[in-house]
Amino acid sequence: MLNNNIISANASGIKIASNILRKNGIISFPTETVYGLGASALSSDAVAKIYAVKKRPSFNPLIVHVSSLKKAMEIGIFNQEAQKLAERFWPGPLTIVVPIRKNSQISELVTAGLSTVALRVPSNDIALALLKYCDIPLAAPSANLSGTVSSTNAKHVLDDFHSSIDIILDGGKCKYGIESTIIISAKDGFKLLRAGCITEDIIKKELNIIVQKYESSTIIAPGQLEKHYSPKAKLRLNASALLEDEEFIGFGKVPDGISSTINLSVNGNLIEAATNLFSILRSIDDLKLNNVAIAKIPNTGIGIAINDRLQRAAIQNI
Ligand code: TXA
Ligand code: MG
0 MLNNNIISAN ASGIKIASNI LRKNGIISFP TETVYGLGAS ALSSDAVAKI
50 YAVKKRPSFN PLIVHVSSLK KAMEIGIFNQ EAQKLAERFW PGPLTIVVPI
100 RKNSQISELV TAGLSTVALR VPSNDIALAL LKYCDIPLAA PSANLSGTVS
150 STNAKHVLDD FHSSIDIILD GGKCKYGIES TIIISAKDGF KLLRAGCITE
200 DIIKKELNII VQKYESSTII APGQLEKHYS PKAKLRLNAS ALLEDEEFIG
250 FGKVPDGISS TINLSVNGNL IEAATNLFSI LRSIDDLKLN NVAIAKIPNT
300 GIGIAINDRL QRAAIQNI
């Protein structure tokens, strides 16, 4: 043990984690997007613990993580197009919502009563090794308390959960730092439920598949709720100057006259900015800042997902 219940994600760590999962315990593990809070998706006892420690409203369904498309197809019903999407982007930062099979054995607590299931094959080596070794589908929301930002390193997970989870597998900093893109495969085609690294443009370019905006007053993924990611400070977006009592978070070159020490990416690199986003949002609370101005982030590529998370982070304060 390195620090409380943080353990190295080597072969022995993966064995320990698997044993805990088989006994319906809860662990945290790294993925390429953010850290997950994993438990057996087959056990209502295990899944109930996730809702309890996360303080998550029980209507919010969880993503089931598996090691391959083959395993995913034992749980959900993939039409040809959904299969094409999975074949191209899995393992990777994409979650696909499909109808659930009647004989899936997934706990009803995972889907929160919906007739669909969200599935994902992560590409992070540790996550994949764990899924293969324990051979259990893992229900795993992001490893953060409900309403706070996701965790992108083991320390964030420890800060939120301390000893209320069994162990944290430490895999360092997450590669992308922003949650997976969520796409639902509906009767009338694909719809985007949450923006992420894999954008509609990439999917159109690579597979010639159109992903529509989700347009309905019914919220089916609480990730769609406006207020979701929320530091305590008041955030002002698209800032090009500083008001009184504000701290500045830059992106690229900081405007003249501002001496900013916090920057999402000094070189104006969107991928780097995504990786740093949640650490920086968490540090706003740690530094007890009250008013924060954030530079404009270009709304292209992964910048769309960054702006999506920033808008939700800002909204609670209005
Ligand atoms: O990158 C990720 O997706 C991370 C890592 C750990 O894999 N997980 C994650 O999980 O972000 P979570 O629980 O924080 O967000 C999952 C989102 C929620 O907004 C939930 O409502 C939605 O997925 N979701 C799950 N099942 C769904 C379903 N059947 N239909 C629609 N939305 C669903
Ligand atoms: Mg989450």
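So in numbering that gives the first Met the number 0, spot 311 of the sequence shown is number 310, and the numbers just go up one at a time. All C-beta atoms in this analysis are idealised placements derived from N, C-alpha and C, irrespective of residue type, glycine included. This structure is a prediction, so every number in the text was calculated from the model and none was measured.
Between the stretch 14-24 and the stretch 33-42 there are three or more inter-stretch CB-CB distances shorter than 8 Å, so the stretches are counted as touching.
A residue is called buried once 16 or more other Cβ atoms fall within 10 Å of its Cβ, and N298, having fewer, is exposed.
Taking C-alpha positions only, I74 is separated from K231 by approximately 39 Å. Just measuring C-alpha positions, the residue of A272, K295 and L234 sitting nearest D284 is L234.
Three or more Cβ pairs drawn from the stretch 164-173 and the stretch 147-155 lie within less than 8 Å of each other, which places the two stretches in contact. The C-alpha of D187 is placed about 42 Å away from the C-alpha of L157. The beta carbon of S150 sits no closer than 7 Å to any heavy atom of ligand 2. I181 has its alpha-carbon roughly 9 Å from the corresponding atom of P92. By the Cβ neighbour-count rule, D134 is exposed, with fewer than 16 other Cβ atoms within 10 Å of its own. For P98, DSSP records a beta bridge to T115.
In the pairwise beta carbon analysis, the stretch 60-80 is classified as touching the stretch 101-118: at least three pairs are separated by under 8 Å.
About 4 Å separates the Cβ atoms of S66 and L130, confirming a contact at the 8 Å cut-off. Distances taken from the Cβ of E178 to the heavy atoms of ligand 1 include one shorter than 7 Å.
Under DSSP, no beta-bridge partner is assigned to A139. R87 and D200 have their C-alpha atoms spaced approximately 14 Å apart. Between the C-alpha atoms of F160 and K212 there is a straight-line separation of about 35 Å. Rounded to whole angstroms, the gap between the alpha carbons of A85 and S184 is 11 Å. Under the three-state reduction of DSSP, D244 is assigned to coil, being neither helix nor strand. Across the structure, T260 and I301 are spaced so that their CA atoms are roughly 23 Å apart. The nearest non-hydrogen atom of ligand 2 is 7 Å or more from the C-beta of S122.
Under the DSSP assignment, H64 falls in the beta strand (DSSP E) whose first and last residues are I62 to H64. A buried status is given to A142, since no fewer than 16 other beta-carbon atoms sit within 10 Å of its beta-carbon. Assignment of S27 by DSSP, reduced to helix, strand and coil, places it in the strand class. In the DSSP assignment, I183 falls within the unbroken beta strand (DSSP E) covering T180 to A185.
Counting C-beta atoms within 10 angstroms of its own C-beta, D255 has fewer than 16 neighbours from the protein chains shown and is therefore classed as exposed.
E243 and V33 do not touch by the CB rule: their CB atoms are close to 34 Å apart, not below 8 Å.
Proximity to L276 across K287, N289 and A294 peaks at A294, based on C-alpha coordinates. Distance from the C-beta of S7 to the nearest heavy atom of ligand 2 is not below 7 Å.
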